[in-house]
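**Q**
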Amino acid sequence: MPKYRDLLDERRKPLSAIWFLAWPIMLEQVLIMLIHYVDTAMVGGLGPQATAAVALTSPANMLLNGIFAGVSIGFSVPVGRYIGSRNMDMAKRVIRQAVLSIGICGGAMTAVMLLLAPYIPVWMGGEPEILADATSFISVLSFSYVFSMSVQICGSILRCTGDTRTPLVFNVSTNIINMALNFLLIYPSRTVEVFGRSFSIAGAGLGVAGSALASVVALSFSGLMLLRALFRENAVCRIALKDGFRLDKVIWGDMLKLGMPVALERVTLSAGQVAMTAMATALGTDSLAAHSLAITAESITYMPSFGFAAAATTLVAQSLGAGKPRLARRFADYCTVGCVLFMSSMGFLLFFGGDMLISLFTPSAAVVAIGAAALRVEALAQPLYAVSQIGTGILRGARQTKLAFIVSLIGMWAVRIPTAYLMSRYAPELGLTGLWIGMASDLSVRGLLILLLLRGGRWAGAEAPEPPAQTQEA
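Here the sequence shown is numbered in this note's numbering, starting from 10 and rising by one per residue.
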């Protein structure tokens with residue numbers, strides 16, 4: 010058996026295991042986000058119309074990523090459970106089924122998006138001058154979905170085995186490749202001046218389509234490398250090509266039971282994002298661009314929550330798999346406190362530095378002013394949003410994905426969308442800020458609901474049963 014760190018060793022302090030898992034994810038997300046900032050600035054350099062065209066496609070991509078997330082959680086959490094109970098054979102069987110799902114689900118999503126690419130920008134209410142760019146972006150990006158699926162599934166599985174460093178290496182490398190290719194594919198051939206010296210730079214001049222093509226190439230690299238990591242000799246649960254890869258009905262059934270609420274949760278949130286984008290679109294191109302850039306800017310504050318939430322999912326899954334609910338609750342408490350402290354500090358950055366963040370992506374003073382005002386509203390919701398994020402990770406590790414879905418459904422469709430609509434209808438002078446008041450209200454309500462669930466503690470004592478060890482292959 011490959012050597013691995015025993016995350017449940019109670020001789021170590023809980024913070025040791027949490028930090029061991031969380032810091033590579035935080036670093037990975039921060040570096041990826043910094044590169045994404047550069048990526049967004051490159052597209053923003055083409056003008057507000059290019060930014061708006063990409064923004065118009067974001068909800069559809071978020072919707073697909075939600076489906077991918079459901080599949081990845083549906084496979085990775087059982088892997089964590091089986092590792093906790095030291096049932097490595099079953100962990101490997103689940104991983105093999107996850108590998109099969111990459112081609113099946115990723116290929117299906119590629120076909121669907123290619124068919125819908127011409128219609129999505131129209132359904133989103135995009136202005137005529139940005140429809141062509143938006144359609145081109147979706148069409149090209151569709152070819153990345155198999156590899157995106159691999160990135161999500163393989164990355165989640167590796168993290169649930171306790172390996173958070175491999176995803177760090179390949180995801181950061183991928184984004185560096187993406188940034189370099191953006192530089193070559195977005196702009197035409199040109200001359201740049203560095204330290205007083207002029208250099209000729211070749212370029213394809215593909216605009217937003219070039220940005221999508223760069224993503225396809227970069228994700229191909231990451232997806233293949235992370236898939237390969239599951240087959241390497243030092244993997245905690247190494248699989249091999251000679252192993253059986255026939256469809257296993259029981260494992261897929263358990264994946265659907267666990268992953269469907271996650272997918273529905275993400276679909277619910279993504280559908281809400283579609284509605285929010287449509288409302289922002291109605292405010293004009295500047296507001297739509299500001300909405301997109303403000304979301305990009307605020308995403309830097311999510312980085313701590315990603316690390317703590319992923320650590321919580323892994324530690325809770327392994328603890329409950331090992332029959333240690335008290336240890337699971339202890340890990341959950343430490344993760345929650347750490348996440349709230351980190352994200353609260355990030356709220357100060359949004360409140361006082363929002364205009365600086367937005368100005369990194371666009372030279373438009375109007376867009377900067379609109380986006381910065383929205384970020385100041387969002388900053389106030391950061392502490393409770395931290396509770397929401399970490400709580401979702403805890404509930405997933407405990408196989409309580411239905412609860413997380415219900416909370417998200419209430420927050421998005423009973424709070425955010427109605428509040429945003431009322432603001433746009435009865436306080437139109439607030440513009441985009443009114444929509445973001447709805448967003449902040451949603452995040453706060455979700456945080457309060459999750460806090461009530463966590464304080465009850467029943468999530469650790471009434472978890473769903475393990476899937477049976479005897480599985481059926483088709």
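Even glycine gets a Cβ: it sits at the ideal position worked out from N, Cα and C. Fair warning: this is a prediction, and the values are worked out from it, not measured in the lab.
1. Return the Cβ separation of Thr277 and Met421 in integer angstroms, given the expectation that the two are a contact with Cβ distance under 8 angstroms.
2. Here's the rule I'm using: 16 or more other beta-carbon atoms within 10 Å means buried, otherwise exposed. How should Ile104 be labelled?
3. Can you name, in chain order, every residue of its own chain whose Cβ lies under 8 angstroms from the Cβ of Ile419, other than the five neighbours on each side?
4. On the criterion of 16 or more Cβ atoms from any shown chain inside 10 Å, does Asp48 qualify as buried, or is it exposed?
5. Hey, Leu267 and Ile82 are a contact pair by Cβ (cut 8 angstroms); roughly how many whole angstroms apart?
6. According to the neighbour-count rule (16 or more other Cβ atoms, all chains shown, within 10 Å of its Cβ), is Arg168 buried or exposed?
7. Starting from Val424 and walking both ways along the beta strand (DSSP E), at which residues does that stretch end?
8. On the CB-based measure, 16 or more other CB atoms within 10 Å of its CB, does Pro437 come out buried or exposed?
9. For Arg464 and Thr323, what's the separation of their Cα atoms in angstroms?
10. Can you confirm whether the segment 343 to 362 touches the segment 299 to 310 when touching is taken to mean that 3 or more C-beta pairs between the two stretches lie within less than 8 angstroms?
11. Could you have a look at Arg20 and say whether DSSP puts it in helix, strand or coil?
12. Quick one: is Phe208 buried, meaning 16 or more other Cβ sit within 10 Å of its Cβ, or exposed?
13. Please state the DSSP three-state secondary structure of Phe254.
14. Confirm, please, whether the CB-CB distance from Ile446 to Ala321 is below 7 angstroms.
15. In chain order, what residues of the same chain have a beta carbon less than 7 angstroms from the beta carbon of Gly281, not counting five sequence neighbours either side?
16. Do Ile111 and Ile76 have their CB atoms nearer than 7 angstroms?
17. Would a C-beta distance cut-off of 7 angstroms place Met118 and Leu72 closer than the cut-off?
18. Does the distance from the CB of Ala299 to the CB of Val376 come in under 7 angstroms?
19. Under 7 angstroms between the Cβ atoms of Gly316 and Ile34?
20. By Cβ distance, which residues of its chain are closer than 6 angstroms to Asp142, with the 5 residues on each side in sequence left out?
21. Would you mind reading off the limits of the alpha helix (DSSP H) that contains Gly212?
22. By Cβ distance below 6 angstroms, which residues in the same chain neighbour Ala319 in space, the five residues on each side in sequence not counted?
23. Tell me, to the nearest whole angstrom, how far the beta carbon of Lys333 is from that of Leu17; I am working on the premise that it is less than 8 angstroms.
**A** Working from what's here:
1. Locating residue 277 in the sequence shown gives position 268, counting from the first residue. Locating residue 421 in the sequence shown gives position 412, counting from the first residue. Thr277 to Met421, Cβ: 6 angstroms. Contact.
2. Reading the sequence shown from its first residue, position 95 is the one you call residue 104. Classification of Ile104: buried, given that the 10 Å Cβ count is 16 or more.
3. For the purposes of this step, residue 419 is identified with residue 410 of the sequence shown, where counting begins at 1. Answer for Ile419: Val454, Arg455, Leu458, listed in chain order.
4. The count along the sequence shown starts at 1 and reaches residue 48 at position 39. Buried.
5. Counting from 1 along the sequence shown, the entry for residue 267 is found at position 258. Counting from 1 along the sequence shown, the entry for residue 82 is found at position 73. The beta-carbon separation of Leu267 and Ile82, rounded to 7 angstroms, stays under the 8 angstroms limit for a contact.
6. Stepping through the sequence shown from its first residue, residue 168 is reached at position 159. Counting Cβ neighbours within 10 Å, Arg168 comes out buried, since at least 16 surround it.
7. Here residue 424 corresponds to residue number 415 of the sequence shown, with the count starting at 1. That residue, Val424, is in no beta strand (DSSP E); it is neither H nor E in DSSP.
8. By 1-based counting over the sequence shown, the position of residue 437 is 428. Counting of Cβ neighbours within 10 angstroms places Pro437 among the exposed residues, the total staying below 16.
9. If you number the sequence shown from 1, residue 464 lands on position 455. If you number the sequence shown from 1, residue 323 lands on position 314. Computed Cα separation, rounded: 20 angstroms.
10. With a cut-off of 8 angstroms, the segment 343 to 362 and the segment 299 to 310 count as touching, because enough Cβ pairs lie within range.
11. The residue you call residue 20 lines up with position 11 of the sequence shown. In the structure shown, the three-state DSSP call for Arg20 is coil.
12. The residue you call residue 208 lines up with position 199 of the sequence shown. Counting Cβ neighbours within 10 Å, Phe208 comes out exposed, since fewer than 16 surround it.
13. Taking the sequence shown and counting its residues from 1, the one referred to as residue 254 is at position 245. Here Phe254 sits in coil by DSSP.
14. Start at 1 with the first residue of the sequence shown, and residue 321 comes out as number 312. Start at 1 with the first residue of the sequence shown, and residue 446 comes out as number 437. Cβ atoms of Ala321 and Ile446: not closer than 7 angstroms.
15. Mapped onto the sequence shown, residue 281 falls at position 272. Setting aside the 5 residues that flank it on each side, Gly281 is surrounded in the same chain by Met421, Trp422, Arg425, Ile426, each with a C-beta closer than 7 angstroms to its C-beta; the list follows chain order.
16. Locating residue 111 in the sequence shown gives position 102, counting from the first residue. Locating residue 76 in the sequence shown gives position 67, counting from the first residue. No. Outside cutoff.
17. Position 109 of the sequence shown, counted from the first residue, corresponds to residue 118. Position 63 of the sequence shown, counted from the first residue, corresponds to residue 72. Contact: no.
18. Taking the sequence shown and counting its residues from 1, one reaches residue 299 at position 290. Taking the sequence shown and counting its residues from 1, one reaches residue 376 at position 367. Cβ atoms of Ala299 and Val376: closer than 7 angstroms.
19. Taking the sequence shown and counting its residues from 1, the one referred to as residue 316 is at position 307. Taking the sequence shown and counting its residues from 1, the one referred to as residue 34 is at position 25. Cβ atoms of Gly316 and Ile34: closer than 7 angstroms.
20. Translated into positions along the sequence shown, residue 142 becomes position 133. These residues qualify, in order along the chain: Ala62, Val217.
21. As a working mapping, residue 212 is identified with position 203 in the sequence shown. Taken as a continuous stretch (DSSP letters only), Gly212 belongs to no alpha helix (DSSP H), being part of the beta strand (DSSP E) at 206 to 213.
22. Here residue 319 corresponds to residue number 310 of the sequence shown, with the count starting at 1. Ile34, Arg168.
23. By 1-based counting over the sequence shown, the position of residue 333 is 324. By 1-based counting over the sequence shown, the position of residue 17 is 8. Indeed, because the Cβ distance is near 7 angstroms, the residues count as touching under 8 angstroms.
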